[in-house]
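The structure under discussion appears below in the form of structure tokens.
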Amino acid sequence: MDVIIERACGMDVHKDNITACIMTPDGKEIQTFPTKTVFLLKLIDWIKEHDCTHVAMESTSVYWKPIVNLLESEGIEFLVVNAQHMKALPGRKTDVKDAEWIAQLLRHGLLKASFIPNRIQRELRELVRYRRSIIEERAR
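According to this note's numbering, the residues represented by the sequence shown are 1 to 140, in order.
Right, dumping it as structure tokens:
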């Protein structure tokens, strides 16, 4: 199968950590990062150090959102993929294998991205949700 994306990063995202696998023509490198902001910034720096052009991750709860915001601000292409589709694929048992599998699928162009609104739309949605929660709280 042909490689479409030369430098791809697959991520397995969880509440407390992110396992990332970067695949390049030279091989692969895997690292795990905590989810605190300082480590997310180190993750982005690590991706940029490898000249990685595309990143893919599962849409795990809300944990993907800060990563997407940082990737978007750095101009790195990203795909957020339906987690149920990824879980349906056989043979994956660990975070490292998940990250590798996502990176391989991304390199070969086999992932379908979920719709992610642009940053302005995401921020507006958050404000509308917050407003709605305040109105509901006040009505109680």
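Backbone N, C-alpha and C define an ideal beta-carbon position, used for all residues, glycine too.
DSSP bridge partner residues for residue i (one or two, in chain order)
i	result
Leu79	Ala56
Pro34	Asn17
Ala113	Val81
Selected residue, minimal CA-CA separation from residue i, among the options
i	options	result
Ile76	Glu100, Asp95, Asp98 and Leu43	Leu43
Val62	Arg7, Ile116 and Thr32	Ile116
Thr53	Thr24, Leu127 and Met1	Thr24
Val38	Cys21, Asn17, Ala139 and Ile134	Asn17
Thr94	Thr32, Asp26, Asp2 and Ile4	Thr32
Asp2	Tyr130, Lys48, Gly109 and Met57	Gly109
Asp51	Arg138, Val96, Trp64 and Asp26	Asp26
Thr19	Asn118, Glu137, Ile5 and Ala56	Ala56
Ile120	Ser73, Arg132, Ala139 and Arg140	Ser73
Coil, strand or helix - residue i by DSSP
i	result
Glu29	strand
Ile22	strand
Tyr51	Sequence inspection shows Asp at residue 51; the Tyr mentioned does not correspond to that position. Of the three classes helix, strand and coil, the one that applies to Asp51 here is coil, per DSSP.
Asp161	Residue 161 is absent from the model: the chain starts at 1 and stops at 140.
Asp12	strand
Arg132	helix
Ile67	helix
Arg107	helix
Glu137	helix
Glu6	coil
Ser73	helix
Presumed contact (8 Å Cβ cut-off) between residue i and residue j, rounded CB distance
i	j	result
Asn82	Ser114	6 Å
Thr79	Leu106	Looking at the sequence shown, residue 79 is not Thr but Leu. Contact flag correct, Cβ pair sits at about 7 Å.
Ile47	Ile30	Ile47 to Ile30, Cβ: 13 Å. No contact.
Leu40	Ile67	6 Å
Thr35	Lys65	About 11 Å separates the two Cβ atoms, so there is no contact after all.
(Q) With three or more C-beta pairs closer than 8 Å as the rule, is the region 96-110 touching the region 2-11? (A) Counting C-beta pairs closer than 8 Å gives three or more between the region 2-11 and the region 96-110, which meets the contact rule.
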